[in-house]
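**Student:**
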């Protein structure tokens, strides 16, 4: 009798686990479909997935929202605020005028744009960088009697590749989130503060060199109506003293962040102090904080993490790992698998947003690596780099 009851309980447990795994797969595929459609914001889809998994009972409240208590969330929010404070200064505008003199050659002009992009992408994404830079590009081209068409594409490519390459802005805590996803799926998170930078830097340098010295030479010369295109540069309301204080706060925050990362200290402290200082010195107003703390990025990270937790909890990660291995022909050649992930994400990012491709394939890459007993670092880097390749194909989603 007791054996029958015991067997019945086991069967019910198996059925429950199977149902939970299938429902997790349904949620995962729903996320893929919605992200692939391009009609929904990634943050919205991520939070929807988290809510579905909690409402279905697959995850507890603590399991679903554990990402909110992660130190990387605080680090990212603080760094976004520090970066916003720096963006209010006239540093970039002054730098452009000091580096690009009237009568400069196209190569010198392009190099000046690269330096500005390099600084901006340290703490903003590619789109924001171009939004800030476009008025400056138009102004410089007008002063030098050069067509904007000679430089715009090259600047867009550099901004795309260098965005987040140097971990000084809101992306500074991104490696912690990646490690948490790997850990949730049963692996060992080995990403450090400099991992992504070391992997991406050779590509970034090569692309920048091509854009600065070669690409603009072959760009078309199209006469533009500067009056129609130009927009007023962002008005700076900071006093000269506040600008100096802002730059000092930013530099000290970065130095503190790097020092803590190298010594194993609490790397959340410098950004927190920096963000607080920005507010105390009146550089950032209290009302600006909610709109400039990177809530969209944080929601994506926090919302996608429960999906990894659910896959590991229900055993879905092992099923996906076996399916991927079957699709790859059972190959145990890690270099071949690495190439496949890089190639697939590189192609898909021409048709889908970079972030969507990254968030879809990152957990799959982790699962594949763990299933084969490999470190997940290389495959995750392949996805990160592949999904952030510059535009190579003019598709309907990538056309200007």
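In the working numbering, the protein residues as written are 1002 to 1401.
C-beta: ideal position from N, C-alpha, C; glycine also.
Here's the rule I'm using: 16 or more other beta-carbon atoms within 10 Å means buried, otherwise exposed. How should residue 1218 be labelled?
**Tutor:** Within the chain shown, residue 1218 is the residue found at index 217, counting from 1. Only exposed fits residue 1218, as fewer than 16 other CB atoms lie within 10 angstroms of its CB.
**Student:** Roughly how many whole angstroms lie between the Cα atoms of residue 1075 and residue 1342?
**Tutor:** Your numbering for residue 1075 matches position 74 in the chain shown. Your numbering for residue 1342 matches position 341 in the chain shown. Cα to Cα, the separation comes out at about 31 Å.
**Student:** Quick check on residue 1167: does DSSP put it in helix, strand or coil?
**Tutor:** Counting from one through the chain shown, the residue named residue 1167 turns up at place 166. Correct three-state label for residue 1167: coil.
**Student:** Measure the beta-carbon distance from residue 1299 to residue 1312 and round it to whole angstroms, keeping in mind my assumption that it falls under 8 Å.
**Tutor:** As a first step, residue 1299 is located in the chain shown; it is residue number 298 there, counting from the start. As a first step, residue 1312 is located in the chain shown; it is residue number 311 there, counting from the start. Not a contact, Cβ separation roughly 21 Å.
**Student:** Count the other CB atoms within 10 Å of the CB of residue 1242; is the residue buried (16 or more) or exposed (fewer)?
**Tutor:** As a first step, residue 1242 must be located in the chain shown, where it is residue number 241. By the neighbour-count rule (16 or more Cβ atoms within 10 Å), residue 1242 is not buried but exposed.
**Student:** Consult DSSP for residue 1253 and reduce its assignment to one of helix, strand or coil.
**Tutor:** Walking along the chain shown from the start, residue 1253 turns up at place 252. The answer is helix: DSSP assigns residue 1253 an H, G or I state.
**Student:** What is the DSSP secondary structure of residue 1260, reduced to helix, strand or coil?
**Tutor:** Your numbering for residue 1260 matches position 259 in the chain shown. Three-state DSSP puts residue 1260 in a helix.
**Student:** Which residue from 1333, 1179, 1215 puts its Cα closest to that of residue 1110?
**Tutor:** Walking along the chain shown from the start, residue 1110 turns up at place 109. When only C-alpha atoms are compared, the closest one is 1215.
**Student:** Does any C-beta atom of chain B lie closer than 8 Å to the C-beta of residue 1333?
**Tutor:** The displayed structure is made up of one protein chain only, and chain B is not part of it.
**Student:** Let's test the definition: count the other Cβ atoms within 10 Å of the Cβ of residue 1288 and tell me whether it reaches 16, buried, or not, exposed.
**Tutor:** Residue 1288 sits at position 287 when you count from the first residue of the chain shown. Exposed is the call here.
**Student:** First and last residue of the alpha helix (DSSP H) that includes residue 1318?
**Tutor:** By 1-based counting over the chain shown, the position of residue 1318 is 317. From DSSP, the alpha helix (DSSP H) with residue 1318 extends over 1317-1328.
**Student:** Could you tell me the distance, in whole angstroms, from the CA atom of residue 1070 to the CA atom of residue 1168?
**Tutor:** Stepping through the chain shown from its first residue, residue 1070 is reached at position 69. Stepping through the chain shown from its first residue, residue 1168 is reached at position 167. Cα-Cα distance, rounded: 21 Å.
**Student:** In whole angstroms, what separates the C-alpha of residue 1244 from that of residue 1056?
**Tutor:** To locate residue 1244, count along the chain shown from 1; it is residue 243. To locate residue 1056, count along the chain shown from 1; it is residue 55. If you draw a straight line from the Cα of residue 1244 to the Cα of residue 1056, it comes to about 48 Å.
**Student:** Taking 8 Å as the cut-off, decide whether the C-beta atoms of residue 1304 and residue 1022 are in contact.
**Tutor:** The residue labelled residue 1304 in the question sits at position 303 within the chain shown. The residue labelled residue 1022 in the question sits at position 21 within the chain shown. Their beta carbons are not under 8 Å apart, which means residue 1304 does not touch residue 1022 by this criterion.
**Student:** To which residues of the same chain is residue 1326 closer than 6 Å at the C-beta, ignoring the five residues directly before and after it?
**Tutor:** In the chain shown, residue 1326 corresponds to position 325, counting from 1. Correct list: empty, nothing qualifies.
**Student:** Distance, Cα to Cα, residue 1365 vs residue 1102?
**Tutor:** Working through the chain shown from its first residue, we reach residue 1365 at position 364. Working through the chain shown from its first residue, we reach residue 1102 at position 101. Roughly 49 Å separates the two Cα atoms.
**Student:** Using a 10 Å radius around the Cβ and a threshold of 16 neighbouring Cβ atoms, would you call residue 1063 buried or exposed?
**Tutor:** Walking along the chain shown from the start, residue 1063 turns up at place 62. Residue 1063 comes out exposed.
**Student:** Quick one, which of 1089, 1222, 1081 has its alpha-carbon nearest residue 1146's?
**Tutor:** The sequence position of residue 1146 within the chain shown is 145, counting from 1. Closest by alpha carbon: 1222.
**Student:** Here's the rule I'm using: 16 or more other beta-carbon atoms within 10 Å means buried, otherwise exposed. How should residue 1307 be labelled?
**Tutor:** To locate residue 1307, count along the chain shown from 1; it is residue 306. Buried, by the Cβ-count rule.
**Student:** Under 8 Å by Cβ, that's how I've got residue 1385 and residue 1247 pegged, so tell me the actual separation to the nearest angstrom.
**Tutor:** Within the chain shown, residue 1385 is the residue found at index 384, counting from 1. Within the chain shown, residue 1247 is the residue found at index 246, counting from 1. At roughly 31 Å, the Cβ-Cβ gap does not stay under 8 Å, so residue 1385 and residue 1247 are not in contact.
**Student:** Can you tell me where the alpha helix (DSSP H) with residue 1363 in it begins and where it stops?
**Tutor:** On the chain shown, position 362 is the one that residue 1363 refers to. From DSSP, the alpha helix (DSSP H) with residue 1363 extends over 1355-1372.
**Student:** Keeping to the same chain, check which residues put their C-beta closer than 7 Å to that of residue 1082; ignore five residues upstream and five downstream.
**Tutor:** Walking along the chain shown from the start, residue 1082 turns up at place 81. Only 1276, 1279, 1285, 1290, 1293, 1294 meet the Cβ criterion.
**Student:** State yes or no: is the C-beta of residue 1208 within less than 8 Å of the C-beta of residue 1135?
**Tutor:** Counting from one through the chain shown, the residue named residue 1208 turns up at place 207. Counting from one through the chain shown, the residue named residue 1135 turns up at place 134. Not in contact: residue 1208 and residue 1135 (Cβ atoms no closer than 8 Å).
**Student:** State yes or no: is the C-beta of residue 1188 within less than 8 Å of the C-beta of residue 1371?
**Tutor:** As a working mapping, residue 1188 is identified with position 187 in the chain shown. As a working mapping, residue 1371 is identified with position 370 in the chain shown. Cβ atoms of residue 1188 and residue 1371: closer than 8 Å.
**Student:** Using C-beta distances below 8 Å, list every residue in its chain close to residue 950, excluding the 5 sequence neighbours before and after it, in chain order.
**Tutor:** The first residue shown for the chain is 1002 and the last is 1401, placing residue 950 beyond what the model contains.
**Student:** Could you give the distance in angstroms between the alpha-carbon of residue 1120 and the alpha-carbon of residue 1040?
**Tutor:** Position 119 of the chain shown, counting from 1, holds the residue named residue 1120. Position 39 of the chain shown, counting from 1, holds the residue named residue 1040. Residue 1120 and residue 1040: Cα-Cα distance of roughly 32 Å.
**Student:** Does the separation of the CB atoms of residue 1402 and residue 1094 fall below 8 Å?
**Tutor:** One cannot answer for residue 1402 here, as it falls past the ends of the chain, which runs 1002 to 1401.
**Student:** Cβ atoms of residue 1166 and residue 974: under 8 Å apart, would you say?
**Tutor:** Residue numbering for the chain in the displayed model covers 1002 to 1401; residue 974 lies beyond these limits and cannot be assessed.
**Student:** Applying the criterion that 16 or more other CB atoms from any shown protein chain within 10 Å of the CB defines a buried residue, is residue 1328 buried or exposed?
**Tutor:** Here residue 1328 refers to the residue found at position 327 when the chain shown is read from its first residue. Under a 10 Å Cβ-count criterion, residue 1328 is classified as exposed, with fewer than 16 other Cβ atoms of the shown protein chains found around its own Cβ.
**Student:** Can you tell me whether residue 1099 is buried or exposed, with buried defined as 16 or more other CB within 10 angstroms of its CB?
**Tutor:** Reading the chain shown from its first residue, position 98 is the one you call residue 1099. Residue environment for residue 1099: exposed (fewer than 16 other C-beta atoms within 10 angstroms of its C-beta).
**Student:** Please classify residue 1160: does DSSP put it in a helix, a strand, or coil?
**Tutor:** If you number the chain shown from 1, residue 1160 lands on position 159. Three-state DSSP puts residue 1160 in a helix.
**Student:** From which residue to which residue does the alpha helix (DSSP H) around residue 1211 run?
**Tutor:** Walking along the chain shown from the start, residue 1211 turns up at place 210. Where residue 1211 is concerned, the enclosing alpha helix (DSSP H) stretches over 1196-1211.
**Student:** Using the Cα positions of residue 1139 and residue 1061, report the straight-line distance between them to the nearest angstrom.
**Tutor:** Along the chain shown, one-based indexing puts residue 1139 at 138. Along the chain shown, one-based indexing puts residue 1061 at 60. The alpha-carbon atoms of residue 1139 and residue 1061 are separated by roughly 53 Å.
**Student:** Apart from the five residues on each side of it in sequence, which residues of its chain come closer than 8 Å, Cβ to Cβ, to residue 1233?
**Tutor:** Counted from its first residue, the chain shown places residue 1233 at position 232. Any reading at residue 1233 is ruled out, since the residue's pLDDT is 44, under 50, leaving its predicted position unreliable.
**Student:** Ends of the alpha helix (DSSP H) at residue 1186?
**Tutor:** For the purposes of this step, residue 1186 is identified with residue 185 of the chain shown, where counting begins at 1. Here residue 1186 belongs to no alpha helix (DSSP H), and DSSP marks it neither H nor E.
**Student:** Report the three-state DSSP secondary structure of residue 1035 (helix, strand or coil).
**Tutor:** Residue mapping note: residue 1035 aligns to position 34 of the chain shown, counting from 1. Residue 1035: helix per DSSP, three-state reduction.
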